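Residue numbers (this note's numbering), protein chains in the order written: chain A, 88 to 405; chain B, 88 to 405.
Just so you know, even glycine gets a beta-carbon here, dropped at the ideal spot from N, CA and C.
Just so you know, these numbers come straight off a predicted model, no measurement behind them.
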DNA sequence: TTGTAGGCGTTATCAA
DNA sequence: TTGATAACGCCTACAA
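Okay, here's the thing in structure tokens:
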């Protein structure tokens, strides 16, 4: 492996001059800079990132930490974040589970975007002592930590209120993983809307944010003697599976049971009946997030990151 | 930030002893090891990975480089790979696009798993000079590079032959991104099967491996005067979108047009009619891949990585 | 079993 | 405009 030393020698300059040239810093004559760059090219030189990081405390990478690779919303979010970061010459690293914690502890990224409730506040705070963090899955008040959370409660509340107005009476809720804040807040909004008119939930079901999970819960519902007339699913994927299960069991939607979800994934438009949902602009969110990160890295003061817009889309499933 | 020096001082030992203790190496008395570990704990010490890497050339992370975060097959693959690696205390880093190239050039991982045709052979070979690589998207003969490619051509060939036997005559193909080897090889298998019985493709359509892409092509097909009687989609997601488009346009499946796909994603079972497809065991593949990587990292000689099993699953769409 | 010291490849300070 | 040199934090002979 060629080092900067080799480059310097080949170019006939000192190591420090080579460093200046390679990092495109001023105070190097054009002539010598060219000599250095040519030498680097010729040797196939790439700076050793560990050495550089050891010295500068910068890695050039941003980490996004998610709770799993499945799901359409992460792919949207990651896509835009990646695009925005690339414009600034920053790399994107994605990780999940235990790896995320390790990357945080090792400070392997210059900034972190967190979307995984399993990551402990403690690890986030440790990281935030030296580098900025944006959390998307919790509210966390701490210097250098910026929260941006979808207005789950508010949006679901509004949707359910509408449905109550439409005349539905027996509301069931199909939850995602209970520990996720998204799930909890959507449930809160659901409860609050019912509570205001003196209703109580007609059974609760535990899903896991996947189509299969929704299907399983749908099968259970289809077998009930006393069925709900409205099922709210904490995300669209479960709603898709659930609708499928109901149809497979001759339960008609929305005649027998109405269904709605959350996210606004495209799949919701590909099923029959099309899914009523709360559409969230994840692409725009990705832009908000990345731009804050970029400002933070440049040392600017910034205020909190805007949450994404969300709006209710009424379709045939309700 | 606490360094090993601080830990050593607090524990009242030399730096090297502290290092031995922290890395759980032999030749340290239990008593001093405990003192060191306690000191580390107390100071909230985490080894500086850059320094360590600079010295050892090991990062403790494995990189998976994919062409996008969408799609169910990557989530399956990544899930198992992550699980297997964790057992060995290795971290998983996922990246895409330009970031991947940077990570490779910077040697930010101890081994690479490549599933992105856009990454240049040149960058792979550079990386492979010092660290092992498994490529899943191409055949690349090179020391330290191990290929494992789904038997695309063979599997599609077999499927199409069966369909010819069933009596279909006018075969269309909906492709994925043309540059991907998966797409190319599936197309080859398609052509070969037709060719053997003197048939030629009845029109080709350019999709992009997404549901939306499939839907768009499906709309075009529905409008044709002379429609195919069989459409082969280079992956299941496109087939799902395509079937939806055909149904929306009153084309009946398989009566008017039969459809089949590739991958065996669960969504194929959630649509009506259920999708005939080639089911690939991506979960098992993830295990094969990770285990090879682990062996390689331990310095063992290994032979090529097994490709995943694939089998044709006949459902109602054909 | 423990300590001393050199060096991994860079950047950055200071002199020349 | 360039060069010598000291860190950055860690690991690892080698010596004690």
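First through last residue of the beta strand (DSSP E) which encompasses residue i
i             : result
residue 220/B : 220-222
residue 321/A : Where residue 321/A is concerned, there is no enclosing beta strand (DSSP E), given that its DSSP letter is neither H nor E.
Same chain, Cβ closer than 7 Å to residue i, five either side skipped, listed in chain order
i             : result
residue 264/B : 270, 295 and 296
residue 255/B : 316, 317 and 345
residue 413/B : Outside the shown range of chain B, which is 88 to 405, sits residue 413/B, and nothing can be said about it.
residue 369/A : 160, 163, 164 and 395
residue 226/A : 234 and 236
residue 182/A : 150, 152 and 190
residue 393/B : 235 and 375
residue 275/B : 240
residue 397/B : 237, 238, 242, 365, 366 and 367
residue 293/A : 262
residue 137/A : none
Other residues of its chain near residue i: CB distance less than 8 Å, five sequence neighbours each side excluded
i             : result
residue 299/A : 328
residue 129/B : 97
residue 172/B : 149, 178, 179, 377, 380 and 381
residue 338/A : 308, 309, 314 and 344
residue 386/B : none
residue 281/B : 247, 251, 258, 287 and 288
residue 332/A : 301, 302, 303, 304, 305, 306, 308 and 309
residue 94/B  : 105, 109, 123, 126, 127, 130 and 132
residue 90/B  : 132 and 135
Opposing strand residues paired with residue i [DSSP bridges]
i             : result
residue 233/A : 221/A
residue 367/A : 397/A
residue 291/B : 260/B
residue 406/A : Here chain A has residues from 88 to 405 only, and residue 406/A is not among them.
residue 346/A : 318/A
residue 182/A : 152/A
Endpoints, alpha helix (DSSP H) assigned at residue i
i             : result
residue 161/B : 159-174
residue 239/B : 239-252
residue 131/A : Segment: none, residue 131/A is in no alpha helix (DSSP H) and carries neither H nor E.
residue 104/B : 102-109
residue 276/B : 268-283
residue 358/A : Taken as a continuous stretch (DSSP letters only), residue 358/A belongs to no alpha helix (DSSP H), as it is neither H nor E.
residue 94/A  : 91-98
residue 296/A : From DSSP, residue 296/A is part of no alpha helix (DSSP H); its letter is neither H nor E.
residue 340/A : Where residue 340/A is concerned, there is no enclosing alpha helix (DSSP H), given that its DSSP letter is neither H nor E.
Close-in-space but distant-in-sequence residues of the same chain around residue i (CB under 6 Å, 5 per side omitted)
i             : result
residue 205/A : none
residue 38/A  : One cannot answer for residue 38/A here, as it falls past the ends of chain A, which runs 88 to 405.
residue 148/B : 178, 180 and 196
residue 355/B : 323, 362 and 364
Buried/exposed call for residue i, threshold 16 Cβ in 10 Å
i             : result
residue 103/B : exposed
residue 250/B : buried
residue 272/A : buried
residue 312/B : exposed
residue 351/A : buried
residue 373/B : buried
residue 190/A : buried
residue 111/B : exposed
residue 101/B : exposed
residue 118/A : exposed
residue 113/B : exposed
residue 336/B : exposed
residue 291/A : exposed
residue 115/B : buried
residue 209/A : exposed
residue 366/B : buried
residue 390/B : exposed
residue 184/B : buried
residue 218/B : buried
residue 325/A : buried
residue 194/B : buried
residue 99/B  : exposed
Query - Cβ-based contacts, 9 Å cut-off: residues of the stretch 177-198 of chain A near chain B - result: Against chain B - using a Cβ distance shorter than 9 Å - the residues of the stretch 177-198 of chain A are 177, 178, 179, 180, 181, 182, 183, 184, 185, 186, 187, 189, 190, 192, 193, 194 and 195.
Requested in this report: Identify each residue in the stretch 304-327 of chain B for which the Cβ-Cβ distance to at least one residue of chain A is less than 9 Å, and report them in chain order.
Outcome: Going along the stretch 304-327 of chain B in chain order, one finds 327 with a Cβ nearer than 9 Å to chain A.
Query raised in the report: Between the stretch 217-246 of chain A and chain B, which residues of the former have CB atoms less than 7 Å from a CB of the latter, in chain order?
Result: Correct list: empty, as no residue qualifies.
Report task. Can you give me, in chain order, the residues of the stretch 109-138 of chain B that have a beta carbon less than 9 Å from any beta carbon in chain A? Result -> Of all residues in the stretch 109-138 of chain B, 131, 133, 134, 135, 136, 137 and 138 have a Cβ within less than 9 Å of some Cβ in chain A.
Report task. Select from the stretch 270-290 of chain B all residues with a C-beta closer than 8 Å to any C-beta belonging to chain A, and list them in chain order. Result -> Of all residues in the stretch 270-290 of chain B, none has a C-beta nearer than 8 Å to a C-beta of chain A.
Requested in this report: Below 8 Å between beta carbons is the criterion; list the residues of the stretch 152-165 of chain B that meet it against any residue of chain A, in chain order.
Outcome: Here the close residues are 155, 156, 157, 158, 159, 161, 162 and 165.
Report task. Give the residues from the stretch 329-357 of chain A that approach chain B closer than 8 Å (Cβ to any Cβ), ordered along the chain. Result -> Of all residues in the stretch 329-357 of chain A, 331, 353, 354 and 357 have a Cβ within less than 8 Å of some Cβ in chain B.
Query raised in the report: What residues in the stretch 356-372 of chain A bring their beta carbon closer than 7 Å to a beta carbon of chain B?
Result: Listed in sequence order: 357.
**Report entry** Selection of the stretch 379-395 of chain A by Cβ proximity to chain B, strictly under 9 Å
**Finding:** Taking 9 Å as the Cβ-Cβ cut-off against chain B, none of the residues of the stretch 379-395 of chain A qualify.
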